[in-house]
Structures are given as structure tokens and as C-alpha cells.
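K.L.:
I'd like to ask some things about the structure below.
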Amino acid sequence: MKTISLIQRLRTGFGALCLVAVLCGTGVAWQGWRSVESQFKAEHLRGRAVAAAERMRVATLQMGEALLGVLLEPDSQTERRKKLKADEGLASIIRELRPLLGHQREALAALEAISEQDATKLNVIEDRLLTLAATDPAQARLDYADQYLEARRKQEQLIGEFLRRTEQIGAGELDWHPIALGSALAALVLAIVGAFLARRTEAALANTLQALWQGVDRLRSGVLEEPIQLSERNECTVLAESLNRLGSEMAELALQLRQSGADVLTVNTTLGAALGASKQGMTEMELLAAGLSASARRVLNTSAELSRTVHSVSIVADQTAMLTDSSRIGLTHMGETMQAIHHAADGINAKLGILNEKASTISQVITTMAKVADQTNLLSLNAAIEAEKAGEYGRGFAVVATEIQRLADQTAVAAEDIEQMVHEMQGAVTAGVMGMDKFAEEVRHGVSDVQQVSGQLDRVLQHVQGITPQIESVNNTMRAQTESARQISEAATKFGDFSRTTTDAQGRAWGAVDEFESAARRMQERSARFKLKT
């Protein structure tokens, strides 16, 4: 048996393909390099030719400007030197381009046309114009406009034609036909070599794969103990040996499956009997859990309701204590206010007494004012009598005496009014003092009542504050009892859930037992498909 691995075959074929590809690629690359080099040289030549064409155009313009300068200034040697320099520059450019354009016939022909135009036309006309400028400048300028400009336009056209020819240098130089032909030949060689190597590899693999396929088909049909035989050793030999070991192991597994199917049926029967015995017990446990959960929920609801009631009583007690304390504080403030009112009433009585004394003093002053008014009246009367005695000289004194008498009468009347008002004020002050005394007495009684009520509220507050801790203790106890009832209810609920889960699990277990039995029977049926010698 020949030992040639598939990897070696594939590596040999791939190496041959790579070698052929490298050789073909080298040939194509060499041909492409030659074409690119030729194109590069053509591009370089075109660039120099285009630059030279522009220089010729500049030289022609300089020649025309210098000639025009000579025509305008015939004696100017500077313009003549410029003209000679421009002629030499144009001739130098033409000499420089001739060897470069040796293989470019069209561009060389255009260059020769420029040289001929310069030698036979422009130079002739220029020499004649230079000679004529010394004798007849006006005629020289006319000939310049008629003949020279026409010849220079022709020269410009020839330079333009040369520029177009030079721009076409290198166009189409890069010939891709050899490259394409080389690529096609390389592809053809690669295809031929690849087809040859593929056919050799296919022929080597066909028998091996056919043998492997037949062995796998026997395994699929249940023939597990007939080995696979190969004509040569390679990677597929390892696969064949693995399949042979797999067939042996599957044969052992089929025997074990047959025995395990019988054992599974026996265990399944025992498990079904055990599940039937436990189902009744779980049903009773589920009923017990349901009753326990209902009782626990009733206890929890009752405890929660009682806890809410005790909490409400605690809140009411706290509010009562707060209201009682607020009332006590208000009564204290009220007592202080009534004490202040009592002291204020005493102060008012004192002020009224002082006011009564001031009124008595005012009465004395008014009496004095009445007496003064009477004396003033007498004096005015005496003054009137004396004025009457004086005659004409006493008329002014008579008028003054009359006014003084009138003022004295008004003063007396006002004094009487003030005296009456003072008497009325004294009566009002006396009545006010009596009223304030009565008010002060009532205030004293009110202060006594407020102090009594405040003492009673203090006792009520003490009782309420004593009850509050007891209510809080009862409330805490009820909360603890409610929490215990809730935990009992949750435990009962979980117990009921566990019972239902267990019952559901038993139902699923019955289904699993049925499926287990079906699987065991299917396993026996499947294992019977394998064809075993023992």
C-alpha cells in the first residue's frame, strides 16, 4: 500500500501552480516594465519638446519686438543686439531639438518647417527692413506691417503646429498587447497545470471517498461490525479507522441500549406505583394547607383591624394631650393678660384722679379769669367816662374802651362755658373712676377663674400623658401580634403553594413516567434496528 498523504498531494499541486504563476508573472512584469520605460522616455521627450516650443515662441516675439525697436530708433545698437541675440536663441533651440526628435518624424518635419520659415522668409524680410530703416524708416515701418507681421503669423502657426505634434509624442506608446498576450498565456498555462493536478488529485481521492461512503452507508443502515478497507494509506485511513472504532462502540452501545430499555421499563413501573401512593397524601396535605391559610388570613385581618384601632386611639390621645397643653398655655396667657388689664385699670384710675385734680385747678383759674373780666369791664367803663370828659380828644380812648368792654364780656361768657365744661368733665371722670373700679373687680374674679381652670387642665393633661405610654405599649404589642399573624399567614400560603407545587410536580411526574416508558420502548425499537452478531 502506497503511503502518499492528501496534504502532500495538495502541497505538490499548489507548489507547481505557484511556480508557474511566478514564472508567468515575471514574464508579464518584464514586458510591462519595458512598456512603462518606453512611455516614461516618451513623456520626458514630450516635456522637453513642449518647453522648447514655448521658448521658440518667446524668441520669435523677442525678435519682433527688437526689430520694431530698430524701426522706431534706427540708430539704436541695443535693439540691433537684442534682435541678433533672439535670432541666435531660436537657432540654438532648433539645433538642440533635432537630435532629440530623431525618431519623431512628424515633430521633426514641423521643426524643419519652422527653421525653413525663419531662414527663407523672416530673416530675409528682417535684413531688408534693417537696411531700409537706415534710409527710409517710414517705408520700413510700412513693410513691417504689411510683410513681416504676415510672415511672423505664419511662423506662429508653424510653432503651434509643432506644439501640437510634440504634445502627441508618447500617445499610444504604451502597448498593452504584449502584456495582455502574456497574461492570457499565463492564465492558459495555469489552467492546464491546475486541471492536470486536479485530475490527478481527483483520481487519488475517488476510490478512498467511495470506500468511506460505502462504510458510512453500512453504519447508517445498522451494519456496525463490518470494517472499512482502503487501498492506500493517507489521511482518510485515519478517518476509516475512526469509523471502524465508532462502529464497534456503537455495537456495544446498542447491546447496552437493549438491556437499559428493559431496566428502564422495570424502574418505570416501580416509580408509577410510588407516585400513586404519594398522590393521596399530597391531596390531604393540600386541603390542610388551604384551611390553615384561611384561618391565618382571618387572624391577620382581625389583628390588623385591632392594630389600626389602637393606633387611632393613640393618635386621638396624642391630639388630646396637644390640645390640652395648648389650652393650658392659652389660659396662662389669658391670666397674664387679665393681670395686665387689672394693672392698667389701676393706672387709669390714678390718671383719672390726677385729671380730676387738674379740673379743680382749671375751675380756680376760670374763677380768676371771671374776676379779671369784671375788673376789666369796670376799667373800660371808667375809661369811657374819662373819654367822654375829654371830648374830641378822647374819642379814640372811647373806641378802645368799648372794644375792651366787649372783649371782657366775651371773656366772661367763655369763662362760664369753660367752667360748665369742667364741671361736666369732673362728672364724667367720677363716673369713669367708678366704672373702672367695677371693671377691675370683674377682672380679679376672671383671673381667679382662669387660674382654677388652668389647674384643672393641668390635671387632665397629666392623666392624658399617663395614658399615652400605655396606649403606645398596647399599639406596639398589637403590631408585633399583627406581624406574627402575617408571618403565620405567609407560612401557611407558602405551605399551600408548596402543596400545590408538589401536586403539580406529581402530575408532571406522571407525565414524565409515561414519556419515560414511551422513550424506553422507542429505545428498544431503535436498538433493534442494529444488526449485531451476538
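The sequence shown begins at 23 in the working numbering and counts up by one.
Heads up, the beta-carbon is just placed ideally off N, CA and C, and yes, glycines get one too.
Predicted model, so just to flag it, every value in this text is computed and none were measured.
1. Do residue 162 and residue 154 count as a contact pair if the criterion is CB distance below 8 Å?
2. Just mark residue 411 as buried or exposed, buried being the case when its beta carbon has 16 or more other beta carbons within 10 Å.
3. Could you pull the start and end residues of the alpha helix (DSSP H) that residue 183 belongs to?
4. Return the chain-ordered list of same chain residues with a C-beta closer than 8 Å to the C-beta of residue 559, the five sequence neighbours on each side being excluded.
5. Rounding to the nearest angstrom, what Cα-Cα distance links residue 418 and residue 437 in this structure?
6. Based on Cα-Cα distance, which residue from 119, 207, 160 lies nearest to residue 48?
7. Using DSSP with H/G/I as helix, E/B as strand and the rest coil, what is residue 98?
8. Just to confirm before moving on: does the CB-CB distance between residue 111 and residue 101 stay below 8 Å?
9. Does DSSP classify residue 491 as helix, strand or coil?
10. Quick one: is residue 336 buried, meaning 16 or more other Cβ sit within 10 Å of its Cβ, or exposed?
11. Have a look at residue 492 and residue 345 and give me their C-alpha separation to the nearest angstrom.
12. For residue 459, name the three-state secondary structure that DSSP assigns.
13. Secondary structure at residue 158, three-state DSSP: helix, strand or coil?
14. Residue range of the alpha helix (DSSP H) that residue 134 falls in?
15. Can you look up residue 124 in the DSSP assignment and give me helix, strand or coil?
16. According to the neighbour-count rule (16 or more other Cβ atoms, all chains shown, within 10 Å of its Cβ), is residue 217 buried or exposed?
17. Distance check for residue 386 and residue 380, CA to CA, integer angstroms please.
18. With 16 as the cutoff for other CB atoms within 10 Å, does residue 352 come out buried or exposed?
19. May I have the straight-line CA-CA distance separating residue 375 from residue 365, to the nearest angstrom?
20. Are residue 450 and residue 399 closer than 8 Å when you measure CB to CB?
21. Could you give the distance in angstroms between the alpha-carbon of residue 22 and the alpha-carbon of residue 354?
22. Whole angstroms are fine: how far does the CA of residue 165 sit from the CA of residue 88?
23. Can you tell me whether residue 141 is buried or exposed? The criterion is at least 16 other CB atoms within 10 Å of its CB, across all chains shown.
24. My output table needs one value for residue 537: the three-state DSSP class, helix, strand or coil.
25. Using 8 Å for Cβ pairs, my map puts residue 175 next to residue 86. What's the rounded Cβ distance?
26. Measure from the alpha carbon of residue 460 to the alpha carbon of each residue in 383, 368, 427, 403, then state which is nearest.
27. My understanding is that residue 406 touches residue 424, with C-beta atoms under 8 Å, so please give their C-beta distance in whole angstroms.
28. Assuming the contact rule is C-beta atoms closer than 8 Å, residue 108 and residue 187 should be a hit. Round their C-beta distance to whole Å, please.
29. Report back the beta-carbon spacing between residue 403 and residue 427 to the nearest angstrom; my notes put them in contact at under 8 Å.
30. When you compare each of 359, 413, 373, 435 to residue 391 by their alpha carbons, which one comes out closest?
31. Count the other CB atoms within 10 Å of the CB of residue 389; is the residue buried (16 or more) or exposed (fewer)?
32. By alpha-carbon positions, which one of 525, 372, 544 ends up nearest to residue 452?
33. Can you tell me which of 82, 118, 119 puts its alpha carbon nearest to the alpha carbon of residue 104?
P.N.:
So, to answer that:
1. yes
2. exposed
3. 171-189
4. The question about residue 559 has no answer, for the chain in this structure spans 23 to 556.
5. 28 Å
6. 207
7. coil
8. no
9. helix
10. buried
11. 19 Å
12. helix
13. coil
14. 127-139
15. coil
16. exposed
17. 10 Å
18. exposed
19. 15 Å
20. no
21. Absent from the structure is residue 22, since the part of the chain shown begins at 23 and ends at 556.
22. 16 Å
23. exposed
24. helix
25. With a Cβ gap of about 10 Å, residue 175 and residue 86 do not count as contacting.
26. 368
27. 7 Å
28. Not a contact, Cβ separation roughly 23 Å.
29. 7 Å
30. 435
31. exposed
32. 372
33. 82
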